[in-house]
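Engineer: This is the structure, below, for whatever I ask next.
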Amino acid sequence: MANPKKRKTHSAVGKGRAHLALKKVTINKCSKCGQPKLPHTACEFCGSYKGHEVVHVKSRLVK
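Just so you know, my numbering puts 535 at position 37 of the sequence shown, and the rest follows in order with no gaps.
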């Protein structure tokens, strides 16, 4: 197995980690109920996706 010949410098380590930064999460509104949801996923509150009900969601329990 190959081993590195020399130690990586601090700048080289930083350049290698340049793509590891967290990306900003986009949040869209549901077209049916208006609740925030992740794009390309069914709504957790009403169970709709692209205007159609795809998941039957029972009413939420309120304590």
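Beta carbons are placed, not taken as given, at the ideal position from N, Cα and C, and that holds for glycine.
Going by C-alpha to C-alpha distance, which of R505, R515 and H538 sits closest to T524?
Structural biologist: Within the sequence shown, the letter at position 26 stands for residue 524. Nearest C-alpha to T524: H538.
Engineer: At which residues does the alpha helix (DSSP H) containing S529 begin and terminate?
Structural biologist: Taking the first residue of the sequence shown as 1, we reach residue 529 at position 31. Segment: none, S529 is in no alpha helix (DSSP H) and carries neither H nor E.
Engineer: Could you pull out every residue in the same chain whose Cβ sits closer than 7 Å to the Cβ of E542, ignoring the five residues on either side in sequence?
Structural biologist: Indexing the sequence shown from 1 puts residue 542 at position 44. Answer for E542: K535, listed in chain order.
Engineer: Taking C544 and V552 to be in contact with their CB atoms under 8 Å, please state how far apart those CB atoms are, rounded to whole angstroms.
Structural biologist: On the sequence shown, residue 544 is found 46 positions in, with the first residue counted as 1. On the sequence shown, residue 552 is found 54 positions in, with the first residue counted as 1. Not quite, the Cβ-Cβ distance comes to about 10 Å (not below 8 Å), so this is no contact.
Engineer: Give me, in chain order, the residues of the same chain whose beta-carbon lies closer than 8 Å to that of G514; leave out the 5 immediate sequence neighbours on both sides.
Structural biologist: On the sequence shown, position 16 is the one that residue 514 refers to. The answer, listed in chain order, is K506.
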